[in-house]
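Residue numbers (the UniProt record's numbering): 1 to 187.
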């Protein structure tokens, strides 16, 4: 357990739950794909205890036993050695019957995991729409502030043009990679 905890502690992106969501999806699909097979196995196992099967098996046993007892030579050991084990003909019983509601529970878990991933992403990132609205609001506030403080129209226009030009050179991808590097250095 300690090794697993250390592994998780050294995870560079501990809030990335995508591998867990993928595991849940794989478990869910595997469960659904094996459901019919497990159902058939349990049905066959239960049917093996039907009276008709028991009767047929008992008749076979009596015949084999009678044949072995009728022999006067020393073949009885050979007959018993060659006698098939009737239990090998029975299907093995599954440990438990698959419950289709388990698949629904797994689907619910996948959905909850995806919701947790999205929530974590929303708390730590902004959508492009949010950033665009932020820039529009900031631009509006900057223009209003420039109108209030700078009386000279030429100076105010030059300042707003320079700000707009510089804002156009901002690279979100570069800022995001710097943030990731800073987080890695701090962590």
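Positions of the beta carbon are idealized from the N, C-alpha and C atoms, including for glycine.
Note that the coordinates shown come from a computational prediction; the quantities given were computed from them, not determined experimentally.
Query                                                                             : Result
Span separating the alpha-carbon of residue 60 from that of residue 8             : 60 Å
Whether residue 188 touches residue 146 by CB criterion (8 Å)                     : Absent from the structure is residue 188, since the part of the chain shown begins at 1 and ends at 187.
C-beta atoms of residue 113 and residue 20 nearer than 8 Å                        : yes
For residue 4, three-class secondary structure by DSSP                            : helix
Proximity winner among 2, 5, 17, relative to residue 119 (alpha-carbon distances) : 17
Identity of the residue in 99, 36, 29, 166 nearest residue 135 by Cα              : 166
Cβ neighbour criterion (16 or more within 10 Å) applied to residue 24             : buried
From 62, 99, 1, 70, residue whose alpha carbon lies closest to that of residue 42 : 99
Proximity below 8 Å, CB of residue 142 to CB of residue 28                        : no
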